[in-house]
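J.: Same order as they appear, the protein sequences are chains A and B.
Going by the UniProt record's numbering, the first sequence opens with residue 1, and the numbers climb by one from there.
Going by the UniProt record's numbering, the second sequence opens with residue 1, and the numbers climb by one from there.
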Amino acid sequence: MQYLPQIIFLLAFSAAVLFFVKNVKQLRRNILLGKDVERKDKKQERFKKMMRVALGQSKMLTRPIAGFLHVIVYVGFVIINIEVLEIIIDGIAGTHRVFSFLGPVYNFLIGSFEILAFLVLLSVIIFWIRRNVMNIKRFLSKELKGWPKNDANYILYFEVVLMLLFLTMNAADYQLQLNEYQGYVEAGAYPISQFILPLIENMSNPSLVVLERSAWWAHIIGILIFLNYLYYSKHLHILLAFPNVYYSNLEQKGRFKNLASVTNEVKLMMDPNADPFAEFAEDDAEEIPEKFGASDVTDLNWFQLLSSYTCTECGRCTSECPANQTGKKLSPRKIMMDTRDRLEEVGLNLNKNKGEFQDDGKQLLDDYISREELWACTTCNACVEACPIGIDPLSIIMDMRQYLVMEQSAAPSELNNAMSNIENNAAPWPYNQQDRLKWAEEGV
Amino acid sequence: MSEQISVPTMAQYMAENKKPEVLFWVGCAGSFDDRAKKITKAFVKLLHKAGVDFAVLGAEEGCTGDPAKRAGNEFLFQMQAMTNIEVMNAYEIEKVVTACPHCFNTIKNEYPELGGNYQVMHHTQFLKSLLNEGRLKVEGGKYKGKRITFHDPCYLGRANDEYEAPRDLLRKLEVELVEMKSCKSRGLCCGAGGAQMFKDAEKGDKEVNIHRTEEALETKPDVVAAGCPFCNTMMSDGVKNKEKEDSIEVLDVAEMIANAEDL
Ligand code: SF4
Ligand code: SF4
Numbered sequence: 001m002q003y004l005p006q007i008i009f010l011l012a013f014s015a016a017v018l019f020f021v022k023n024v025k026q027l028r029r030n031i032l033l034g035k036d037v038e039r040k041d042k043k044q045e046r047f048k049k050m051m052r053v054a055l056g057q058s059k060m061l062t063r064p065i066a067g068f069l070h071v072i073v074y075v076g077f078v079i080i081n082i083e084v085l086e087i088i089i090d091g092i093a094g095t096h097r098v099f100s101f102l103g104p105v106y107n108f109l110i111g112s113f114e115i116l117a118f119l120v121l122l123s124v125i126i127f128w129i130r131r132n133v134m135n136i137k138r139f140l141s142k143e144l145k146g147w148p149k150n151d152a153n154y155i156l157y158f159e160v161v162l163m164l165l166f167l168t169m170n171a172a173d174y175q176l177q178l179n180e181y182q183g184y185v186e187a188g189a190y191p192i193s194q195f196i197l198p199l200i201e202n203m204s205n206p207s208l209v210v211l212e213r214s215a216w217w218a219h220i221i222g223i224l225i226f227l228n229y230l231y232y233s234k235h236l237h238i239l240l241a242f243p244n245v246y247y248s249n250l251e252q253k254g255r256f257k258n259l260a261s262v263t264n265e266v267k268l269m270m271d272p273n274a275d276p277f278a279e280f281a282e283d284d285a286e287e288i289p290e291k292f293g294a295s296d297v298t299d300l301n302w303f304q305l306l307s308s309y310t311c312t313e314c315g316r317c318t319s320e321c322p323a324n325q326t327g328k329k330l331s332p333r334k335i336m337m338d339t340r341d342r343l344e345e346v347g348l349n350l351n352k353n354k355g356e357f358q359d360d361g362k363q364l365l366d367d368y369i370s371r372e373e374l375w376a377c378t379t380c381n382a383c384v385e386a387c388p389i390g391i392d393p394l395s396i397i398m399d400m401r402q403y404l405v406m407e408q409s410a411a412p413s414e415l416n417n418a419m420s421n422i423e424n425n426a427a428p429w430p431y432n433q434q435d436r437l438k439w440a441e442e443g444v
Numbered sequence: 001m002s003e004q005i006s007v008p009t010m011a012q013y014m015a016e017n018k019k020p021e022v023l024f025w026v027g028c029a030g031s032f033d034d035r036a037k038k039i040t041k042a043f044v045k046l047l048h049k050a051g052v053d054f055a056v057l058g059a060e061e062g063c064t065g066d067p068a069k070r071a072g073n074e075f076l077f078q079m080q081a082m083t084n085i086e087v088m089n090a091y092e093i094e095k096v097v098t099a100c101p102h103c104f105n106t107i108k109n110e111y112p113e114l115g116g117n118y119q120v121m122h123h124t125q126f127l128k129s130l131l132n133e134g135r136l137k138v139e140g141g142k143y144k145g146k147r148i149t150f151h152d153p154c155y156l157g158r159a160n161d162e163y164e165a166p167r168d169l170l171r172k173l174e175v176e177l178v179e180m181k182s183c184k185s186r187g188l189c190c191g192a193g194g195a196q197m198f199k200d201a202e203k204g205d206k207e208v209n210i211h212r213t214e215e216a217l218e219t220k221p222d223v224v225a226a227g228c229p230f231c232n233t234m235m236s237d238g239v240k241n242k243e244k245e246d247s248i249e250v251l252d253v254a255e256m257i258a259n260a261e262d263l
């Protein structure tokens, strides 16, 4: 019987890890439904950017208040995980506070964890107020109605509960230490939970043990649940922000990719002497796409799909978007959320049909993202600049415009006029190319 | 001031077996749009003043393809790009300067992969280099002490990380440079980019250029300075919409330098 807690712990822990691994595999499969894109070069530069932007959160402080609070929660989250390591070892080995042999270092660690836990608690409460009480525009958008809003709040509640459990566990432990109860050696420093002592000092030792153990178990089970909740939540960003920044675009933002398949055809058109077979022999047959641009998630590349899962729905992109600021339907955050929702739908379809996608009569275009949204974009890159974790909503908009224009000839009619002018007289307006130097003749 | 400045073409240079120091890429707006032509002329005056040996492509120049590409028409873009590259490569062009950030961005970033490799500069960068080399003098004059706010063109700023060249030039004019609420990397678009210039806006509660103009007016400027012919049009329309065109001018940085010098 003495090993029962350890067995239960191992079972719970393995179940959580297995379930997590299963979700990660599914995530990976879904992301790899995307087309290939070269993002594995310049490893050093990528690594540096990841350290700066993802680990160092360099872009978060553009908005000082939210950025500062986020850094606290983030640092708290990462550092308090050292404590989780101890909890896991204790759980498996049946020990109690296995790191306590570190003495003063241990006291320092536990003391810091407590202070961090308290700061996290405060920040999370402010976050909740920002989201639910203050009218901050980027949290009021239509696309956040329903699940996204609840999801954000659930996480905040989760964190509050976890932090309170952590502090309760410490307080009970500390009281037991003071009572010199067997098994509770003096270890750790409790700058925050000491304030809970007055509430529990009259409890008997056995009840304190029950309190301490319940808090311990609830805390670790809570963490295991949190781990597996991630997949269903915008909180995936705490993991995916790292690969997403690593694989993000390193080119100048103004450089939009040139479609290689088009290059081949244009070369052929411009050079009648070119040997068509020689041209194509250079490339793999695979490089000739079955369609131009994107109408569904599988036409996008894996980085764009990874980004859709990474997006934390913060709305920094949308609040900088000129189209959105002036009341247009376009919201770059919604572009990312729609991409993820459609990808999830495709993923579920695959699960149901043994890995073979069954046509469901839907696609990303029109069923999720409307043409009106796509055409409102000024390609200004404000969303790309604003995103703290390297997401590029603009690239998805561009791919979808390409589909509309090159596959469907469905540009707004004024744009079609401009384009036919370019085609006919090399300017978007109907002026004669021969007159391009007229301004000089008019006299400088 | 009525001295006629000649604007040689590459074809003429070729015929004389000469090569200019730099190709001035005029762009469609700079060639045809009445407002933008003034920018073109101001810039040419400055080139002339600094003794820069330049030439233009004239009728051999064609749209870079930027609006086509941002509209999603990759075919048309690449057709334009390859045609232009063929012309420029035939003239063995090495250095290009343009007063349009869209042309600048496209030629600089998107042409190399298609075979067009040139050193490309925005006119504010080029003017700054002339200044540094001591070939051009920029000083106070007409705008000394005036309140000026600079509107960052998306395709110069965020797209290519150039925020300082135009501001350095303005500082040389000894103006009082005031920044808008959103500026530099967080600068707000004028509403023209991504081929929006050539279509009506989607339904909303405001035009983007009005929104941006309001931000500019908050700084109580004497002049809204721009570095792009499209921004210039958008901001001018915005100022007119607010019935402020009598007190607030919208000017390209090159125009301001030329005016200050009374060229
Ligand atoms: S690039 Fe498009 S979507 Fe992004 S901020 Fe600018 S207008 Fe909005
Ligand atoms: S794309 Fe980036 S900035 Fe926009 S909501 Fe997602 S995480 Fe935030």
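Built from N, CA and C at the ideal position, the CB exists for glycine as well.
Everything numeric in this text was worked out from a predicted model, so none of it was measured.
Return the residues of the segment 194-223 of chain B that lie within a Cβ-Cβ distance of less than 9 Å from chain A, sorted by chain order.
T.: If the cut-off is 9 Å between Cβ atoms, the segment 194-223 of chain B has G194, A195, Q196, M197, F198, K199, D200, A201, E202, K203, G204, D205, K206, E207, V208, I210, H211, R212 near chain A.
J.: Got a sec: is the Cβ-Cβ distance from T9/B to anything in chain A below 8 Å?
T.: Residue 9/B sits at position 9 when you count from the first residue of the second sequence. True, the Cβ-Cβ gap to chain A drops below 8 Å.
J.: For F118/A and I126/A, what's the separation of their Cα atoms in angstroms?
T.: In the first sequence, counting from the first residue as 1, residue 118/A sits at position 118. In the first sequence, counting from the first residue as 1, residue 126/A sits at position 126. Straight-line Cα distance between these residues: approximately 13 Å.
J.: State the DSSP-derived secondary structure class of I72/A, mapped to helix, strand or coil.
T.: Taking the first sequence and counting its residues from 1, the one referred to as residue 72/A is at position 72. It is helical.
J.: In chain order, which beta strand (DSSP E) runs of at least 3 residues are fully inside the segment 218-243 of chain B?
T.: Whole beta strand (DSSP E) segments, 3+ residues: 223-226.
J.: Just to make sure I have the definition right: I need the residues of chain A whose C-beta is within less than 8 Å of the C-beta of I5/B. Which are they?
T.: Along the second sequence, one-based indexing puts residue 5/B at 5. Under the 8 Å cutoff, chain A gives V444.
J.: Please list the terminal residues of the continuous beta strand (DSSP E) segment that includes G249/B.
T.: Here residue 249/B refers to the residue found at position 249 of the second sequence. A small correction: the amino acid at residue 249/B is Glu; Gly does not occupy that position in the sequence shown. Here the beta strand (DSSP E) through E249/B covers 249-252.
J.: If you measure from each residue's Cβ to the nearest non-hydrogen atom of ligand 2, which ones come out under 6 Å, in chain order?
T.: Cβ-based neighbours of ligand 2 within the cut-off: C311/A, T312/A, E313/A, C314/A, G315/A, R316/A, C317/A, P332/A, R333/A, M336/A, A386/A, C387/A, I389/A, I391/A, P393/A.
J.: I want to verify the contact list: residues of chain B whose CB lies under 7 Å from the CB of R401/A, in sequence order.
T.: If you number the first sequence from 1, residue 401/A lands on position 401. Ordered by position in chain B, the residues that pass the 7 Å Cβ test against R401/A are A71, G72.
J.: When you compare only the Cα positions, how much space is there between residue 455/A and Y309/A?
T.: Any question about residue 455/A goes unanswered here, given that chain A covers just 1 to 444.
J.: Hey, would you say the C-beta of E215/B is under 7 Å away from at least one heavy atom of ligand 1?
T.: Taking the second sequence and counting its residues from 1, one reaches residue 215/B at position 215. No.
J.: Within a Cβ cutoff of 6 Å, which residues of the same chain sit near N259/B, ignoring the five residues on either side of it in sequence?
T.: As a position in the second sequence, residue 259/B is number 259, starting the count at 1. Once the five neighbours on either side are set aside, the close Cβ partners of N259/B are K142.
J.: Output needed in chain order: residues of the segment 429-444 of chain A with a Cβ under 8 Å from some Cβ in chain B.
T.: Of all residues in the segment 429-444 of chain A, W429, Y431, Q433, Q434, D435, R436, L437, K438, W439, A440, E442, G443, V444 have a Cβ within less than 8 Å of some Cβ in chain B.
J.: From what residue to what residue does the alpha helix (DSSP H) around Q325/A run?
T.: On the first sequence, residue 325/A is found 325 positions in, with the first residue counted as 1. Segment 322-325, the alpha helix (DSSP H) holding Q325/A.
J.: Starting from F24/B, trace the beta strand (DSSP E) both ways and give me its first and last residue.
T.: Position 24 of the second sequence, counted from the start, is the residue given in the question as residue 24/B. Segment 22-25, the beta strand (DSSP E) holding F24/B.
J.: Sorted by chain position, which residues of the same chain lie with C-beta nearer than 6 Å to F43/B's C-beta, five sequence neighbours on each side aside?
T.: In the second sequence, counting from the first residue as 1, residue 43/B sits at position 43. Within the same chain, F43/B has close Cβ partners A99, H123, A254.
J.: Which bits of chain A does A15/B rub up against, with CB to CB less than 9 Å?
T.: Here residue 15/B refers to the residue found at position 15 of the second sequence. By Cβ distance, chain A contributes nothing, its closest Cβ being about 16 Å from A15/B, past 9 Å.
J.: How many Å lie between L348/A and I225/A at the Cα?
T.: For the purposes of this step, residue 348/A is identified with residue 348 of the first sequence, where counting begins at 1. For the purposes of this step, residue 225/A is identified with residue 225 of the first sequence, where counting begins at 1. L348/A and I225/A: Cα-Cα distance of roughly 22 Å.
J.: Less than 6 Å between C-beta atoms, sequence neighbours within five positions excluded: which residues of the same chain meet that for H48/B?
T.: By one-based count along the second sequence, residue 48/B stands at place 48. Counting only Cβ-Cβ distances below 6 Å, and skipping sequence neighbours, we find I5.
J.: Give a yes or no on whether 8 Å exceeds the smallest Cβ distance from Y155/B to chain A.
T.: Walking along the second sequence from the start, residue 155/B turns up at place 155. Answer yes: the Cβ-Cβ gap between Y155/B and chain A drops below 8 Å somewhere.
J.: Name the residue from K328/A, I389/A, R131/A, T298/A whose alpha carbon lies nearest to the alpha carbon of D359/A.
T.: Working through the first sequence from its first residue, we reach residue 359/A at position 359. D359/A has its Cα closest to that of T298/A, out of K328/A, I389/A, R131/A, T298/A.
J.: Would the segment 19-36 of chain B count as touching the segment 96-114 of chain B if we require 3 or more Cβ pairs under 8 Å?
T.: Counting Cβ pairs under 8 Å, three or more are found: they touch.
J.: Let me know if R29/A comes out buried or exposed under the rule of 16 or more other beta-carbons within 10 Å of its beta-carbon.
T.: As a working note, residue 29/A is residue 29 in the first sequence. Exposed, since its Cβ has fewer than 16 Cβ neighbours within 10 Å.
J.: Name the residue from A323/A, A171/A, Q26/A whose alpha carbon lies nearest to the alpha carbon of N381/A.
T.: Sequence index remark: in the first sequence, residue 381/A carries index 381 (1-based). For N381/A, the nearest C-alpha among the options comes from A323/A.
J.: So, is the C-beta of N109/B closer than 8 Å to a C-beta in chain A?
T.: Here residue 109/B is taken as the residue at index 109 of the second sequence, counted from 1. At least one chain A Cβ lies under 8 Å of N109/B.
J.: In whole angstroms, what is the alpha-carbon distance linking Y229/A and L61/A?
T.: What you label residue 229/A is simply residue 229 of the first sequence in a count that begins at 1. What you label residue 61/A is simply residue 61 of the first sequence in a count that begins at 1. The straight-line gap from Cα to Cα measures roughly 27 Å.
J.: Comparing C-alpha positions only, which one of E86/B, N89/B, V7/B, E179/B sits nearest to A55/B?
T.: Translated into the one-based positions of the second sequence, residue 55/B becomes position 55. When each option's Cα is compared against that of A55/B, the closest is V7/B.
J.: With 7 Å as the C-beta to C-beta threshold (strictly closer), list the residues of the segment 355-380 of chain A near chain B in chain order.
T.: Within the segment 355-380 of chain A, the qualifying residues are E372, W375, A376, C377, T378, T379, C380.
J.: Among the candidates V224/B, R70/B, G51/B, R186/B, whose CA atom is the shortest distance from the CA of E385/A?
T.: Residue mapping note: residue 385/A aligns to position 385 of the first sequence, counting from 1. Of V224/B, R70/B, G51/B, R186/B, the residue nearest in Cα terms is R186/B.
J.: Spatial neighbours of I422/A within its chain, please: CB distance less than 8 Å, with the 5 preceding and 5 following residues excluded, ordered by chain position.
T.: Here residue 422/A refers to the residue found at position 422 of the first sequence. Excluding residues within five positions, the ones whose Cβ falls inside 8 Å are P428.
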